[in-house]
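Position 90 of the sequence shown, counting from 1, maps to 91 under my numbering, and the rest follow consecutively.
Each residue gets a CB set at the ideal place from its N, CA and C atoms; glycine is no exception.
For reference, the structure discussed in these notes is given below.
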Amino acid sequence: MLAPSSTNVSRRPSEMLVDPLRAGAVSGASSMEERIVLNVGGVRHETYQATLKKIPATRLSRLTPALANFDPLLNEYFFDRHPGVFGQILNYYRTGKLHYPTDVCGPLFEEELEYWGLDANQVEPCCWMTYTQHRDTQDTLAVLDRLDMDSNKEDDPKLREEDVMKKFGWEEDYFRGDVTAWMKYKPRIWALFDEPYSSQTAKFIAAVSVFFIVISILSFCLKTHPSFRIAVITARNFTVGSKDYIGVQRTSTEPHRAFSQIEFICNIWFTFEIIVRFIFCPSKLRFLKSPINNIDLVATLSFYTDAVLVRLLDEDAPKDVVEFLSMIRILRLFKLTQHHRGLQILIHTFRASAKELILLVFFLILGIVIFAALVYYAEKTEENPGNQFTSIPLGLWWAIVTMTTVGYGDMVPRTYLGRLVGSLCAVMGVLTIALPVPVIVSNFAMFYSHTQAREKLPRKRRRVLPIEQVRMHVRRHAQVMESQVTQRRNAIAMLNPTDHRSSLIREENSSKMALIRTETTKSGSSNSDEDRRRGQG
2 MLAPSSTNVS
12 RRPSEMLVDP
22 LRAGAVSGAS
32 SMEERIVLNV
42 GGVRHETYQA
52 TLKKIPATRL
62 SRLTPALANF
72 DPLLNEYFFD
82 RHPGVFGQIL
92 NYYRTGKLHY
102 PTDVCGPLFE
112 EELEYWGLDA
122 NQVEPCCWMT
132 YTQHRDTQDT
142 LAVLDRLDMD
152 SNKEDDPKLR
162 EEDVMKKFGW
172 EEDYFRGDVT
182 AWMKYKPRIW
192 ALFDEPYSSQ
202 TAKFIAAVSV
212 FFIVISILSF
222 CLKTHPSFRI
232 AVITARNFTV
242 GSKDYIGVQR
252 TSTEPHRAFS
262 QIEFICNIWF
272 TFEIIVRFIF
282 CPSKLRFLKS
292 PINNIDLVAT
302 LSFYTDAVLV
312 RLLDEDAPKD
322 VVEFLSMIRI
332 LRLFKLTQHH
342 RGLQILIHTF
352 RASAKELILL
362 VFFLILGIVI
372 FAALVYYAEK
382 TEENPGNQFT
392 SIPLGLWWAI
402 VTMTTVGYGD
412 MVPRTYLGRL
422 VGSLCAVMGV
432 LTIALPVPVI
442 VSNFAMFYSH
452 TQAREKLPRK
462 RRRVLPIEQV
472 RMHVRRHAQV
482 MESQVTQRRN
492 AIAMLNPTDH
502 RSSLIREENS
512 SKMALIRTET
522 TKSGSSNSDE
532 DRRRGQG
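This is the structure:
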């Protein structure tokens, strides 16, 4: 008798084990679909697609098989980028923390972050000092580039001429070939007077300029020495009774006439130099904004103003104005910075340390005012007949001298409380001045070390072409080769038309035979598969 049918069908143990295996296989297949292989610079990295989705709007979060860098055979994405840096970038997707690699240059790491679409400001605080260090280095190199210290580093005449045309704003005319004689000679003359290391002639002109500057400063200083001055004798007639007398007064002196002749010759050179540099400069506005050029211009004009006042007014010339105009000429010493790199580095060191210097001045002013007021009231606490601090403005002078550790001794506190204030003033002055000094010294060392390193760079550096330019050259080369092959075929066809037809027929027959072989192979393989199935059946 047959058993009644039931919906609960009993299964064998082997059948019960099949379902978990199938479920594991399905889950494994789904996990394999989520896993992504990234080949970066020949190094394979594996991660999950969900990991790359953690940071949206980036290059890795938008990966699809339709991209050109996806290889369907290897089932991976290929990127021709730095493999060492990519490890840190992939860890950023995994952990959410971006750490700076210490074995990679800063600009390279920034370029990689920009390529992958990541924000460079997301670096962790523990790596921020290392990350910002290269920013300071780039600022230093930018300052050195503005100094034009490497104007003659390029040996290739074409590249050097191209850089010069960019500097003068004639780049478009240069590439069009519209270069005039003025465009050729203007940069050369400018280099002679502004770039002392560009050529031997420029070095000679720089030496002449330094010579006249030194002679002018020496003349300005020596004409005040009593040994180089001549007494001015003033005679005046007066009558006493019936007799006439001549009164002679020797109350003043004046410089020897030779100093006036020396200054005249020096200022002729300075005038010629200013005119030439202004005519041949790349930018008139930038020339007038330069502090050194303004100092040179004012010092030269002061000489002519002084000469006009003395010549027109003679004895009635205002001496205070004449002496002030003469004092401006001492500022020509700053022109020496154009001829010495160390002085240029020193000036840019002070510019880079402007914040620290302003902070130093602020604390000095704060301490000077506080200690001047304290010592003024401290000296009044006791009976002090010889009190020199009669007012707070006089105490300001004492506080300046004490905080800068000069200590003239012209004003000293005499009470115990005043001496205590003086001791605190001296200690605070040492601390205030000593704190910003290491920053200024480190800036100078940084500028100087970079300058020395740049001088040791190779004079001729190979330029790396961008990948787009290389691809364009390859396409052009392929087009040229294809056109040459076509021209040869056409030439052969015109000379030997029968041979050309026979070669074309041969090529057509060979292609047909290859097609027949492939079809025969396919049919044979299909027949063998059919026979195999029949035998199995």
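field: For V41 and E47, believed in contact at Cβ under 8 Å, the rounded distance
entry: In the sequence shown, residue 47 corresponds to position 46, counting from 1. In the sequence shown, residue 41 corresponds to position 40, counting from 1. Incorrect: roughly 12 Å between the Cβ atoms, too far for contact.
- request: Might you give, ordered along the chain, the residues of its own chain that have their beta carbon closer than 8 Å to the beta carbon of F448, omitting 5 neighbours on each side?
  value: Looking up residue 448 in the sequence shown gives position 447. Non-local C-beta neighbours of F448 in its own chain, meaning closer than 8 Å and more than five positions away in sequence, comprise T141, V144, L145, I346, H349, T350 and A353, ordered along the chain.
message: With H, G and I counted as helix, E and B as strand and the rest as coil, what does DSSP make of P414?
response: Position 413 of the sequence shown holds residue 414. Looking at P414 - three-state DSSP - the assignment turns out to be coil, as it is neither helix nor strand.
Nearest-angstrom Cβ-Cβ length linking V211 and L337, presumed shorter than 8 Å: Numbered from its first residue, the sequence shown carries residue 211 at position 210. Numbered from its first residue, the sequence shown carries residue 337 at position 336. About 7 Å separates the two Cβ atoms, so the contact holds.
message: For R95, report the span of its alpha helix (DSSP H) as first-last.
response: As a working mapping, residue 95 is identified with position 94 in the sequence shown. For R95, the enclosing alpha helix (DSSP H) stretches over residues P84 to T96.
task: Report, in whole angstroms, the separation of the C-beta atoms of L326 and S303, which I expect to be a contact under 8 Å.
output: In the sequence shown, counting from the first residue as 1, residue 326 sits at position 325. In the sequence shown, counting from the first residue as 1, residue 303 sits at position 302. The pair is a contact, with the Cβ atoms about 4 Å apart (cut-off 8 Å).
- prompt: Taking H83 as the reference, which of V481, V44 and F71 has the closest Cα?
  reply: For the purposes of this step, residue 83 is identified with residue 82 of the sequence shown, where counting begins at 1. The residue with the shortest Cα to Cα distance from H83 is V44.
query: Looking at the unbroken alpha helix (DSSP H) that takes in R287, where does it start and where does it end?
result: As a position in the sequence shown, residue 287 is number 286, starting the count at 1. Element bounds for R287: K285 to K290.
Local Cβ density within 10 Å of P66, reported as buried at 16 or more and exposed below that: Residue mapping note: residue 66 aligns to position 65 of the sequence shown, counting from 1. Exposed: under 16 other Cβ atoms inside 10 Å.
- prompt: How about R330 and F221: do their beta carbons lie closer than 7 Å?
  reply: Within the sequence shown, numbered from 1, the residue matching residue 330 stands at position 329. Within the sequence shown, numbered from 1, the residue matching residue 221 stands at position 220. For R330 and F221, yes; Cβs fall inside 7 Å.
query: In whole angstroms, what separates the C-alpha of S392 from that of A308?
result: Along the sequence shown, read from residue 1 onward, the residue named residue 392 stands at position 391. Along the sequence shown, read from residue 1 onward, the residue named residue 308 stands at position 307. Going by the C-alpha atoms only, they are around 44 Å apart.
Secondary structure of G343, DSSP reduced to three states: Counting from one through the sequence shown, the residue named residue 343 turns up at place 342. Looking at G343 - three-state DSSP - the assignment turns out to be helix.
- request: Return yes when at least one heavy atom of the ligand NAD lies under 6 Å from the C-beta of I56, else no.
  value: This structure lacks the ligand NAD, and indeed carries no ligand of any kind.
message: Let me check understanding here. Comparing Cα to Cα, which of C282, F229, I293 and V86 lies closest to V165?
response: Sequence index remark: in the sequence shown, residue 165 carries index 164 (1-based). Comparing Cα-Cα distances from V165 to each of C282, F229, I293 and V86, the minimum goes to C282.
query: Who are S253's beta bridge partners in DSSP?
result: Indexing the sequence shown from 1 puts residue 253 at position 252. BP columns for S253 point to V233.
- prompt: Which of the three DSSP states, helix, strand or coil, is assigned to D140?
  reply: Against the sequence shown, residue 140 aligns to sequence position 139. Three-state DSSP puts D140 in a helix.
query: Helix or strand or just coil, what does DSSP make of D72?
result: For the purposes of this step, residue 72 is taken as residue 71 along the sequence shown, with counting starting at 1. Three-state DSSP puts D72 in a strand.
query: To the nearest angstrom, how far is it from the Cα of P383 to the Cα of F363?
result: As a first step, residue 383 is located in the sequence shown; it is residue number 382 there, counting from the start. As a first step, residue 363 is located in the sequence shown; it is residue number 362 there, counting from the start. A quick correction: the sequence has Glu, not Pro, at residue 383. Answer to the nearest angstrom: the Cα atoms are 32 Å apart.
Alpha helix (DSSP H) segment containing V211, residue limits: Taking the first residue of the sequence shown as 1, we reach residue 211 at position 210. Start and end: Q201 to L223.
query: With a CB to CB cut of under 6 Å and the five nearest residues on each side skipped, what residues in its chain are close to A373?
result: Taking the first residue of the sequence shown as 1, we reach residue 373 at position 372. Once the five neighbours on either side are set aside, the close Cβ partners of A373 are I393, G396, L397 and A400.
- prompt: First and last residue of the beta strand (DSSP E) that includes E47?
  reply: Translated into the one-based positions of the sequence shown, residue 47 becomes position 46. Run containing E47: V44 to Y49, per the beta strand (DSSP E) assignment.
- request: May I ask you to report which of helix, strand or coil DSSP gives K388?
  value: The residue you call residue 388 lines up with position 387 of the sequence shown. It is Asn, not Lys, that sits at residue 388 in the sequence shown. If DSSP states are grouped into helix, strand and coil, N388 belongs with coil.
task: Output the distance between the C-alpha atoms of T416 and V376, rounded to the nearest integer angstrom.
output: What you label residue 416 is simply residue 415 of the sequence shown in a count that begins at 1. What you label residue 376 is simply residue 375 of the sequence shown in a count that begins at 1. Distance between the alpha carbons of T416 and V376: 10 Å.
message: Considering only their Cβ atoms, is the gap separating M412 from G430 smaller than 7 Å?
response: For the purposes of this step, residue 430 is taken as the residue at position 429 of the sequence shown. For the purposes of this step, residue 412 is taken as the residue at position 411 of the sequence shown. For G430 and M412, no; Cβs fall outside 7 Å.
task: Under 7 Å Cβ to Cβ from N344, same chain only, skipping five residues before and after it: list those, please.
output: Taking the sequence shown and counting its residues from 1, one reaches residue 344 at position 343. It is Leu, not Asn, that sits at residue 344 in the sequence shown. Cβ within range, chain order: L337 and T338.
- request: Excluding the 5 residues preceding and the 5 following V440 in the sequence, name in chain order all residues of the same chain whose CB lies nearer than 7 Å to its CB.
  value: One-based indexing of the sequence shown puts residue 440 at position 439. Closer than 7 Å at Cβ, skipping near neighbours: S354 and E357.
Candidates A259, R36 and F273: closest to E77 by CA position: As a first step, residue 77 is located in the sequence shown; it is residue number 76 there, counting from the start. Per the Cα distances, R36.
message: Looking only at its chain, what residues have a beta carbon closer than 8 Å to the beta carbon of A379, apart from the 5 residues adjacent to it on each side?
response: For the purposes of this step, residue 379 is taken as the residue at position 378 of the sequence shown. Correct list, in chain order: P414, T416, L418, G419, L421 and V422.
Top-ranked residue by Cα proximity to R230, from A208, D174, A203 and A259: Translated into positions along the sequence shown, residue 230 becomes position 229. That would be A259, whose Cα lies nearest to the Cα of R230.
- request: Please confirm whether Y335 and I293 have their CB atoms less than 7 Å apart.
  value: Here residue 335 refers to the residue found at position 334 when the sequence shown is read from its first residue. Here residue 293 refers to the residue found at position 292 when the sequence shown is read from its first residue. Note that residue 335 is Phe in the sequence shown here, rather than Tyr. Going by C-beta atoms, F335 is nearer than 7 Å to I293.
query: Going by DSSP, which residues form a beta bridge with I371?
result: Working through the sequence shown from its first residue, we reach residue 371 at position 370. Bridge partners of I371: none, in fact.
- prompt: Are Y101 and V124 close, meaning C-beta to C-beta below 7 Å?
  reply: Taking the sequence shown and counting its residues from 1, one reaches residue 101 at position 100. Taking the sequence shown and counting its residues from 1, one reaches residue 124 at position 123. Yes, these two residues count as a Cβ contact at 7 Å.
task: Using a threshold of 7 Å, state whether the C-beta atoms of T272 and T306 are closer than that.
output: Residue 272 sits at position 271 when you count from the first residue of the sequence shown. Residue 306 sits at position 305 when you count from the first residue of the sequence shown. Cβ distance not < 7 Å, so T272 and T306 don't count as in contact.
field: Whole-angstrom distance between K167 and I359, CA atom to CA atom
entry: If you number the sequence shown from 1, residue 359 lands on position 358. If you number the sequence shown from 1, residue 167 lands on position 166. Roughly 37 Å between the two C-alpha positions.
query: Which of helix, strand or coil does DSSP assign to I56?
result: Along the sequence shown, read from residue 1 onward, the residue named residue 56 stands at position 55. Coil at I56, not helix or strand.
- prompt: Excluding the five sequence neighbours on either side, which residues of its own chain have a C-beta within less than 7 Å of the C-beta of S284, listed in chain order?
  reply: Your numbering for residue 284 matches position 283 in the sequence shown. A distance below 7 Å between beta-carbons, with the five flanking residues on each side excluded, links S284 to no residue of its chain.
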